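Residue numbers (numbering that gives the first Met the number 0), protein chains in the order written: chain A, 0 to 210; chain B, 0 to 560. So the structure is just underneath, and the comments pick up after that.
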Amino acid sequence: MPGKRCVHIIDDEAKIRDSLAVLLSTAGIKSRAYASAEEYLASVPLSEPACVILDNQLPGLSGMELLKRIADAASNTAVIMITGYGDVPTAVSAMKAGAFHFVQKPFDAEALLNIVEETLARADEVRDLQAELQEFRTRSALLTQREREVLNLLIEGLPSKLIAYRLGISARTTEHHRAAVMQKMQARTISHLVRMAVNLGHFNGANNSAK
Amino acid sequence: MAVVNIHGQPALDQRELTLRSAWFSGRSRLTSPKFWLTGIGFLAVYLAFNKLTEWYQFDGLGITLWSPDNGLSLLLLTEGAVFAPFVFLAAVLTDVFITGVPHSLYMTVAAELVLAVGYVGLAAVLRHKLKFNPRRVRLADVVVLLTFVPAGTALTSFSYCGALYLGGALPADQFYAAMRHFWIGDTVGMITVIPAATSVFALLSKPRGRWPGYALVSCSVFILGTCLGFAALFGVGDAKEYHLFYLLFLPIIWVGMREGYAGVAAALLAIQLGLVATTTYLGCEAKDFSVFQMLMLVLSITGLLLGAVITEREQAAQLLREQQTELARVSAYASAGAMGMALAHEISQPLSTVASYLHAARRLLQSGAASAPVMDALSKAEMETRRTREVLERIRDFVSSGKLDLKRLDLSNLALKIGALCREEATARGIHVEIENIRAIPLVMADRIQIEQVLNNLLANAIDAASERTDGRGLVVMRVAGRGDRVVVQVEDNGPGVAPEIAGSLFEAYQTTKPRGMGLGLPLSLQIVQKHAGRLWWEPIVPEGTRFLVELQINGPENAG
Chain A
0 MPGKRCVHII DDEAKIRDSL AVLLSTAGIK SRAYASAEEY LASVPLSEPA
50 CVILDNQLPG LSGMELLKRI ADAASNTAVI MITGYGDVPT AVSAMKAGAF
100 HFVQKPFDAE ALLNIVEETL ARADEVRDLQ AELQEFRTRS ALLTQREREV
150 LNLLIEGLPS KLIAYRLGIS ARTTEHHRAA VMQKMQARTI SHLVRMAVNL
200 GHFNGANNSA K
Chain B
0 MAVVNIHGQP ALDQRELTLR SAWFSGRSRL TSPKFWLTGI GFLAVYLAFN
50 KLTEWYQFDG LGITLWSPDN GLSLLLLTEG AVFAPFVFLA AVLTDVFITG
100 VPHSLYMTVA AELVLAVGYV GLAAVLRHKL KFNPRRVRLA DVVVLLTFVP
150 AGTALTSFSY CGALYLGGAL PADQFYAAMR HFWIGDTVGM ITVIPAATSV
200 FALLSKPRGR WPGYALVSCS VFILGTCLGF AALFGVGDAK EYHLFYLLFL
250 PIIWVGMREG YAGVAAALLA IQLGLVATTT YLGCEAKDFS VFQMLMLVLS
300 ITGLLLGAVI TEREQAAQLL REQQTELARV SAYASAGAMG MALAHEISQP
350 LSTVASYLHA ARRLLQSGAA SAPVMDALSK AEMETRRTRE VLERIRDFVS
400 SGKLDLKRLD LSNLALKIGA LCREEATARG IHVEIENIRA IPLVMADRIQ
450 IEQVLNNLLA NAIDAASERT DGRGLVVMRV AGRGDRVVVQ VEDNGPGVAP
500 EIAGSLFEAY QTTKPRGMGL GLPLSLQIVQ KHAGRLWWEP IVPEGTRFLV
550 ELQINGPENA G
């Protein structure tokens with residue numbers, strides 16, 4: 000969905016904001032610019048996932064402090080940190096604070112554009128993944144206790160007969176539960192079901208949240 | 000000088016010897032040829048010394064009233080106890096072949112063995128317990144030398160005379176007199192030889208930066224003073240010549256003040272040789288000579304302490320100067336580094352912007368967009384390059400100290416002040432700095448700090464040029480004179496002049512003939528003078544030297560038409 004792609008530029012230099020906006024627009028990326036961290040915080044809620052190009056040297060709240068707040072909010076906002084003083088300690092602390100990329104001024108426009116594209120793609124991926132996880136959680140909430148047990152063993156790769164034996168129920172009942180699981184989870188095949196679970200960081204999370 | 004001629008030869012040998020012994024300090028000494036060369040050289044010089052210092056022997060027992068030979072022994076032993084056999088052998092050979100002592104060979108061997116052991120002990124205490132090092136000039140070392148050598152020789156003289164007494168070679172009633180005789184001879188011998196060796200080491204390890212004429216003046220005045228002293232001492236015709244000995248303190252103090260420890264050591268050796276030669280020539284009695292030696296000891300102690308204090312102070316001053324130079328250099332580098340960082344930061348901003356606009360323009364062209372947005376991006380990029388240029392211009396202004404702070408300035412006073420600042424260093428390099436003021440010079444509208452920088456630079460250059468002379472007659476003259484509505488400052492040196500191959504590029508940046516220069520002095524000076532609407536030029540002086548001239552308008556750059 001290229002139309003939804005939007006980058007927030009936070010830099011106190013008007014020329015930098017303008018030139019980045021022009022550059023991003025040539026790649027079909029929309030942008031919104033802010034002259035300070037405070038301005039950004041006032042207009043974009045921290046909880047909203049976003050892609051941010053952030054200058055380290057800002058008047059008032061520094062880039063590094065904003066980066067830490069964004070990371071604390073755990074909102075899947077990807078931050079590209081730009082700094083004039085490209086020293087190793089700054090880079091290390093930026094990466095530790097959770098920056099997605101670290102770019103040093105003067106930057107290469109094409110390289111920066113690639114980084115932005117990559118960051119946006121990753122942000123899309125994360126967003127898709129999160130949507131899927133949410134879906135998975137919603138669906139698994141519909142499962143009964145017994146069905147959830149069956150699902151866990153299915154993901155472990157056990158055949159129906161073994162599941163029946165483990166749970167101490169008949170093969171027929173197991174088949175019944177299994178069909179219900181597949182239907183409720185909207186899984187086409189067993190392998191589809193397993194992939195969903197694995198991709199979303201194992202079933203346990205959903206299992207716990209359902210409790 | 001008869002004194003020097005008679006005794007010059009052994010003194011030279013001794014220098015060579017101490018040098019040789021300084022060359023090694025390894026463990027495999029016994030296999031080193033230098034060890035044997037040093038030992039044999041020592042033997043030769045020792046015997047020669049003894050041949051020449053046979054005066055005033057104590058009853059034919061080989062005890063002399065001046066024993067530079069034993070000074071040499073102690074010096075050698077501070078190099079290592081491994082030399083003890085040579086010291087022992089030298090003493091025995093001397094007794095047998097040169098002084099021809101009357102007692103038996105057993106007696107001689109026993110007494111000299113006692114002596115050798117005593118000196119090895121003294122040398123070991125000096126070197127290892129007291130960390131005495133004959134290779135350095137330090138007040139603490141000198142104090143150690145002046146206290147422990149007399150004490151050590153008192154002990155050894157007691158043991159030596161004791162050995163002779165026990166062997167029946169010395170009657171009991173002469174014991175005390177022999178011991179005193181021995182003590183005086185050894186103490187004065189050591190206190191003249193060891194400092195002389197130290198000064199030789201010091202001169203060899205780092206030659207003084209002063210021009211040779213300075214030492215020549217010190218030396219001439221010393222010789223004159225000493226000759227007058229000797230003339231008064233021995234020419235009065237009184238039986239008690241040593242009454243006027245104190246006159247010899249004056250030349251020693253003179254040398255100490257000017258040349259420090261090394262000078263005093265050499266001067267003391269010269270006086271001692273002079274005393275020995277004169278008293279021998281006049282045929283003084285042993286008793287009188289022994290009084291002279293006591294006085295000589297006092298003179299040595301005074302002179303050496305004074306010399307050590309002066310040298311230590313000079314070393315401290317030198318160290319301070321070096322540290323200051325180093326500090327100035329480091330801070331110059333640091334400020335250059337800081338400026339570089341500032342420049343990088345200032346430039347990276349517009350550079351990033353230009354890169355973005357240009358890349359955007361290229362992408363727009365590739366995608367076949369309309370020309371308006373492309374043009375827009377390109378013109379914005381162009382504007383940014385203009386901004387970059389402004390940044391650079393600002394930094395250039397900053398480097399050349401920005402705007403002029405014009406005030407009425409007294410150039411005569413400024414010249415005097417700068418001259419005073421440079422004079423000490425110049426004098427140390429043997430250069431005479433003169434500041435000439437033609438009176439009644441009008442005040443000039445100028446930036447004091449910047450003009451000071453220019454004059455400082457020109458004066459420093461002139462001093463550098465004049466110091467290339469090797470005859471110690473370097474001269475720098477700074478002259479301030481009014482010329483109508485202008486004031487001219489001339490800085491002249493009598494150096495070798497400007498080499499023809501750099502004459503054309505003298506005012507270009509990064510042109511330098513100095514190993515540590517940046518080549519910015521003259522270009523910056525020119526820039527400053529031009530900002531003042533003044534002129535800076537140079538001309539060769541016939542037959543030798545260079546003259547730099549700065550001409551400033553009295554009313555400053557504003558009224559410069």
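C-beta atoms are modelled at their ideal positions from N, C-alpha and C, and glycine is treated no differently. Keep in mind the model is a prediction, meaning the values are calculated, not measured.
Contact under 9 angstroms by Cβ, residue i with residue j
i: Leu-64 (chain B); j: Ser-289 (chain B); result: yes
i: Val-21 (chain A); j: Tyr-356 (chain B); result: yes
i: Leu-53 (chain A); j: Ile-79 (chain A); result: yes
i: Arg-534 (chain B); j: Leu-521 (chain B); result: no
i: Gly-471 (chain B); j: Gly-212 (chain B); result: yes
i: Ala-465 (chain B); j: Asp-446 (chain B); result: no
i: Glu-258 (chain B); j: Gly-306 (chain B); result: yes
i: Ala-108 (chain A); j: Ala-359 (chain B); result: yes
i: Ala-407 (chain B); j: Val-443 (chain B); result: What sits at residue 407 (chain B) in the sequence shown is Arg, not Ala. It is a contact, given that the beta carbons lie within the stated cut-off.
i: Phe-565 (chain B); j: Thr-277 (chain B); result: As shown, chain B starts at 0 and ends at 560. That puts residue 565 (chain B) outside it, with no answer to give.
i: Arg-4 (chain A); j: Leu-119 (chain A); result: yes
i: Ile-434 (chain B); j: Met-477 (chain B); result: yes
i: Ile-193 (chain B); j: Tyr-260 (chain B); result: no
Proximity test, Cβ basis, 9 angstroms: residue i and chain A
i: Thr-352 (chain B); result: yes
i: Ala-371 (chain B); result: no
i: Gly-516 (chain B); result: Residue confidence is low: Gly-516 (chain B) scores 48 on pLDDT, short of 50, so the model does not pin down where it sits. Its coordinate-derived value is still stated next. Gly-516 (chain B) does not count as touching chain A.
i: Arg-388 (chain B); result: no
i: Leu-363 (chain B); result: yes
i: Ser-355 (chain B); result: yes
i: Ser-347 (chain B); result: yes
i: Ser-378 (chain B); result: no
i: Glu-383 (chain B); result: yes
9 angstroms Cβ cutoff, residue i in contact with chain B
i: Val-51 (chain A); result: no
i: Glu-116 (chain A); result: no
i: Met-195 (chain A); result: no
i: Lys-183 (chain A); result: no
i: Lys-29 (chain A); result: no
i: Leu-57 (chain A); result: no
i: Val-87 (chain A); result: no
i: Leu-112 (chain A); result: yes
i: Gly-2 (chain A); result: Legend: pLDDT at Gly-2 (chain A) = 46, less than 50; position of this residue unreliable, value from coordinates given subsequently. It does not; no Cβ of chain B falls within 9 angstroms.
i: Leu-141 (chain A); result: no
i: Leu-19 (chain A); result: yes
i: Ser-24 (chain A); result: yes
Nearest-angstrom beta carbon gap, residue j and residue i [assumed within contact, 8 angstroms]
i: Ala-49 (chain A); j: His-7 (chain A); result: 6 angstroms
i: Thr-155 (chain B); j: Met-189 (chain B); result: Wrong, their Cβ atoms sit about 11 angstroms apart, outside the cutoff.
i: Thr-387 (chain B); j: Ile-346 (chain B); result: 6 angstroms
i: Phe-131 (chain B); j: Leu-125 (chain B); result: 4 angstroms
Reduced DSSP category for residue i - H, G, I as helix; E, B as strand; rest coil
i: Ala-77 (chain A); result: strand
i: Ser-20 (chain B); result: Only weak support exists for where Ser-20 (chain B) lies, its pLDDT of 42 falling under 50; the coordinates are left without a value.
i: Val-43 (chain A); result: coil
i: Trp-182 (chain B); result: helix
i: Ala-480 (chain B); result: strand
i: Ala-465 (chain B); result: helix
i: Gln-267 (chain A); result: Nothing in the structure corresponds to residue 267 (chain A), since chain A is present only between 0 and 210.
i: Phe-221 (chain B); result: helix
i: Arg-136 (chain A); result: helix
i: Pro-556 (chain B); result: helix
i: Asn-132 (chain B); result: coil
i: Gln-56 (chain A); result: coil
i: Asn-456 (chain B); result: helix
Minimum C-alpha distance to residue i - residue among the options
i: Val-275 (chain B); options: B:Ala-264, B:Met-256, B:Met-295, B:Ala-360; result: B:Met-295
i: Asp-287 (chain B); options: B:Val-216, B:Gly-367, B:His-242, B:Tyr-260; result: B:His-242
i: Gly-38 (chain B); options: B:Lys-50, B:Phe-87, B:Leu-51; result: B:Phe-87
i: Val-91 (chain A); options: A:Val-51, A:Ile-69, A:Met-63, A:Thr-137; result: A:Met-63
i: Gly-246 (chain B); options: B:Phe-233, B:Glu-258, B:Met-256; result: Here residue 246 (chain B) turns out to be Leu, not Gly, going by the sequence shown. Closest option to Leu-246 (chain B), Cα to Cα, is B:Phe-233.
i: Met-238 (chain A); options: A:Val-149, A:Lys-29, A:Lys-67; result: Absent from the structure is residue 238 (chain A), since the part of chain A shown begins at 0 and ends at 210.
i: Pro-149 (chain B); options: B:His-180, B:Ala-171, B:Thr-186, B:Val-113; result: B:Thr-186
i: Leu-145 (chain B); options: B:Leu-525, B:Val-297, B:Arg-320; result: B:Val-297
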